[in-house]
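Visitor: Submitted below is the structure of interest, expressed as structure tokens.
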Amino acid sequence: MFPEIQENWKEIHRRCLAGATEKCDEDKLIRQDGSIEWLSWEINPWHDEKGLVGGIIMFTELITQRKNAETMLQKAYEHTNVLVQERTAELSAANDKLRKLSRAAEQSPSSIIITDAAGRIEYINPKLALLSGHTLEEVVGKRPSIFKSGKTAAA
């Protein structure tokens, strides 16, 4: 009647006909054409008025779509993890470069000033602070003209 029924299913049916109850939340069924279906099922015996097993009742649910969605989600999760690891490595390398550049600016024997696009000071290195007598905290947000000495000609 069911040419695709596998031997393990026949054994389950025999046990249930003998009075057992069996259940499986995820069972793989390979069709004759090679396609795969996923089932959730429970088999219970039913008893006649004398208490003898009269047959079995099968409750089945086709869960192939759910299993396929779970598989796709797992693959997406794994792919995302790979991307996160790659990006983390890139950011770590970029941070290493920034730390080197920061140390170079901090230790430079030359005066360094960094401004934003509007020309407001964001950073001065220790050498400029030493030469100017200003601290970084004093000059942040101000214009570089704060450093005019009055000893050079205007451009």
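According to this note's numbering, the sequence shown is numbered sequentially starting from 120. Backbone N, C-alpha and C fix where the C-beta goes; we use that ideal spot for every residue, glycine too.
The alpha helix (DSSP H) that contains N200, what's its start and end?
Guide: Where N200 is concerned, the enclosing alpha helix (DSSP H) stretches over 183-226.
Visitor: Taking only three categories from DSSP, how would you classify S159?
Guide: S159: strand per DSSP, three-state reduction.
Visitor: Which value, in whole angstroms, describes the spacing of the CA atoms of S230 and L210?
Guide: C-alpha separation (whole angstroms): 29 Å.
Visitor: Counting pairs of beta carbons, one from the region 191-204 and one from the region 165-177, are three or more of them closer than 8 Å?
Guide: With the cut-off at 8 Å, the region 191-204 and the region 165-177 do not touch.
Visitor: Using the Cβ count rule (16 or more neighbours within 10 Å means buried), how would you classify V201?
Guide: It is exposed - the Cβ of V201 has fewer than 16 other Cβ atoms within 10 Å.
Visitor: Rank D152, Q125, T140, D235 by C-alpha distance to the C-alpha of K261 and give the top, closest one.
Guide: Nearest option by C-alpha distance: D235.
Visitor: Tell me which residue opens and which closes the beta strand (DSSP E) that E241 is part of.
Guide: Run containing E241: 240-243, per the beta strand (DSSP E) assignment.
Visitor: Please say whether K147 and W160 have beta carbons closer to each other than 8 Å?
Guide: For W160 and K147, no; Cβs fall outside 8 Å.
Visitor: Per DSSP, what kind of secondary structure is I131 in: helix, strand or coil?
Guide: In this structure, I131 counts as helix in the three-state DSSP scheme.
Visitor: Which first and last residues belong to the alpha helix (DSSP H) in which E257 is found?
Guide: Note, E257: alpha helix (DSSP H), 255-258.
Visitor: Check the DSSP bridge columns for F178 and list the partner residues they point to.
Guide: Per DSSP, E161.
Visitor: Taking all protein chains shown into account, do 16 or more other C-beta atoms lie within 10 angstroms of the C-beta of M120, making it buried, or fewer, making it exposed?
Guide: Annotation note: pLDDT 47 at M120 (below 50); position unreliable, no value reported.
Visitor: Under 6 Å Cβ to Cβ from I162, same chain only, skipping five residues before and after it: list those, please.
Guide: Once the five neighbours on either side are set aside, the close Cβ partners of I162 are C135, E141, I175, M177.
Visitor: Taking C-alpha atoms, which residue in N187, G138, T179 lies nearest to I155?
Guide: Minimum Cα distance to I155 is reached at N187.
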